[in-house]
Ligand code: HEM
Ligand SMILES: N[C@@H](CC(=O)c1ccccc1NC=O)C(=O)O
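In our numbering, the protein residues as written are 189 to 472.
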């Protein structure tokens with residue numbers, strides 16, 4: 189008898205299932221717009237490996253979309269001086285960055301010969317023209333006005349990118365927060381032209397030094413500092429892996445976007461979003 193009872197437990201309980209009100213007008217594919225999404229992979233060549241190239245880039249753009257969503261919301265939290273929810277968003281961004289990093293491993297299965305078979309089809313197109321990537325760079329503080337020119341044919345994107353260029357970056361907002369919380373930050377940092385590249389400042393470094401030396405006094409800011417360091421570390425790893433993957437796939441050829449290729453990507457490794465968080469470490 190007991191055996192029979194157990195058997196009924198493991199079988200599907202129809203009476204419970206019928207309690208679920210299956211919606212008439214929504215389905216998995218409908219909700220996720222898979223019809224549209226899965227029609228977006230249109231290789232320009234008949235080469236087998238072009239599918240991987242397209243899917244890797246499209247997935248990266250989807251993750252970037254999610255990352256921008258979190259980043260903008262986290263910036264609003266910093267503006268409002270409420271760091272709790274921002275921490276949650278920054279942790280999610282870190283996991284997204286790990287996903288993006290992982291994709292280099294998949295792409296490295298593409299050999300130089302595989303890529304050469306369809307590279308010419310790409311013309312002058314390049315990651316250089318990624319609107320979402322540039323949005324992230326600007327929001328994190330790597331401001332470079334010349335980069336918006338790639339979007340001059342799309343006024344909506346051009347204007348939105350221009351707005352992000354001129355707005356305070358995540359780090360600008362964090363510095364304003366340091367001032368709000370009583371740290372003596374120089375006026376030049378608080379009233380700077382936000383469209384210009386950020387230049388490191390002693391008053392900001394001193395604030396971080398104080399926070400790192402006495403974390404118990406400003407635990408939230410200490411935690412924020414470490415989350416920013418994580419974010420920059422991951423971003424740097426992504427840049428590095430991109431550069432190394434490009435090196436193994438196209439060697440030292442020029443980029444389709446008109447740069448020197450690997451040499452351009454190597455130079456980008458010098459960029460720091462949060463410079464004082466790195467220089468302060470030597471002095472602690
Ligand atoms: C075969 C694979 C790839 C090659 C050979 C490659 C090569 C390059 C090169 C040479 C550049 C410099 C600009 C240029 O002259 O074109 C560049 C920039 C860029 N690539 Fe890639 N890339 C590859 C894959 C990817 C992937 C998977 C992504 C992910 C979204 C990506 C995103 C970018 C971005 C955002 C830039 C602009 C970087 C900046 O301005 O700092 N690339 N790529
Ligand atoms: N810049 C690459 C081309 C390239 O990677 C690319 C071309 C079109 C769409 C996305 C691309 N990926 C990132 O740069 C190259 O020089 O081969």
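Beta carbons: idealized from backbone N, C-alpha and C, even for Gly.
If you're wondering where the values come from, they're calculated on a predicted model, not measured in any experiment.
Measuring from the CB of residue i, is there a heavy atom of ligand 3 at a distance below 8 Å?
i, result
"residue 428", "No copy of ligand 3 appears in this structure; the ligands present are ligand 1 and ligand 2."
Around the Cβ of residue i, are there at least 16 other Cβ atoms within 10 angstroms (buried) or fewer (exposed)?
i, result
"residue 359", "buried"
"residue 386", "buried"
"residue 370", "exposed"
"residue 313", "exposed"
"residue 407", "exposed"
"residue 446", "exposed"
"residue 296", "exposed"
"residue 279", "exposed"
"residue 222", "exposed"
"residue 220", "exposed"
"residue 405", "exposed"
Please return the same chain residues whose Cβ sits closer than 7 Å to the Cβ of residue i, not counting the five positions on each side in sequence.
i, result
"residue 272", "none"
"residue 368", "269"
"residue 253", "320"
"residue 193", "Because the pLDDT of residue 193 is 47, which lies under 50, any placement of that residue in the model is unreliable, and the number read from its coordinates should be weighed accordingly. Contacts found: none."
"residue 352", "323, 326, 327"
"residue 396", "413, 464, 465, 468"
"residue 274", "262, 265, 266"
"residue 448", "442"
"residue 174", "Residue coverage of the chain in this structure runs from 189 to 472, which leaves residue 174 outside it and unanswerable."
"residue 450", "431, 434, 435, 440"
Measure the alpha-carbon distance for residue i versus residue j and round it to whole angstroms.
i, j, result
"residue 443", "residue 327", "25 Å"
"residue 471", "residue 231", "52 Å"
"residue 420", "residue 461", "7 Å"
"residue 334", "residue 212", "50 Å"
"residue 262", "residue 399", "21 Å"
"residue 305", "residue 453", "23 Å"
"residue 431", "residue 378", "34 Å"
"residue 417", "residue 282", "11 Å"
"residue 302", "residue 284", "28 Å"
"residue 355", "residue 235", "43 Å"
"residue 376", "residue 233", "53 Å"
"residue 436", "residue 240", "17 Å"
"residue 341", "residue 309", "21 Å"
"residue 329", "residue 411", "20 Å"
"residue 266", "residue 215", "38 Å"
"residue 260", "residue 277", "10 Å"
"residue 365", "residue 258", "19 Å"
"residue 300", "residue 390", "46 Å"
"residue 218", "residue 362", "41 Å"
"residue 227", "residue 251", "19 Å"
"residue 481", "residue 224", "Since the first residue shown for the chain is 189 and the last is 472, residue 481 is missing from the structure and cannot be characterised."
"residue 288", "residue 433", "13 Å"
"residue 347", "residue 332", "15 Å"
"residue 401", "residue 415", "17 Å"
Can you give me the Cβ contacts of residue i inside the same chain, cut-off strictly under 6 Å, excluding the 5 residues immediately before and after it?
i, result
"residue 388", "463, 464"
"residue 198", "A caution first: residue 198 carries a pLDDT of 49, below 50, which makes its placement in the model too unreliable to give a value."
Quick one: what's got a C-beta closer than 8 Å to residue i's C-beta in the same chain, skipping five residues either side?
i, result
"residue 467", "388, 393"
"residue 350", "336"
"residue 311", "444"
"residue 298", "237, 240, 241, 437"
"residue 345", "319, 339"
Discussion item. Contact between the region 454 to 466 and the region 305 to 322 is defined here as three or more beta-carbon pairs at a separation below 8 Å; is this criterion met?
Written reply: Touching, no.
Item to complete: Just list the alpha helix (DSSP H) runs in the region 218 to 274, keeping only unbroken ones of 4 residues or longer that don't cross its boundaries, in chain order.
Response: Taking only runs of at least 4 residues, the alpha helix (DSSP H) segments lying wholly in the region 218 to 274 are 222 to 225, 238 to 267.
Worksheet entry | Unbroken stretches of the alpha helix (DSSP H), 4 residues or longer, contained in the region 381 to 468 | DSSP runs (the alpha helix (DSSP H)) wholly in the region 381 to 468: 390 to 401, 407 to 438, 450 to 455.
Fill in: Any 3 or more C-beta pairs closer than 8 Å across the region 230 to 247 and the region 374 to 386
The region 230 to 247 vs the region 374 to 386: no contact.
Worksheet item: Taking three-plus beta-carbon pairs below 8 Å as touching, is the region 408 to 427 in contact with the region 282 to 295?
Response: Cβ pair count under 8 Å is three or more, so yes.
Practice prompt. Tell me the start and end of each unbroken alpha helix (DSSP H) in the region 286 to 329 that is at least 4 residues and wholly inside, in chain order.
Written response: Complete alpha helix (DSSP H) runs here, min 4: 300 to 307, 319 to 328.
Worksheet item: In chain order, which alpha helix (DSSP H) runs of at least 4 residues are fully inside the region 350 to 380?
Response: Taking 4 residues as the minimum length, the alpha helix (DSSP H) runs contained wholly in the region 350 to 380 are 358 to 368, 375 to 378, in order along the chain.
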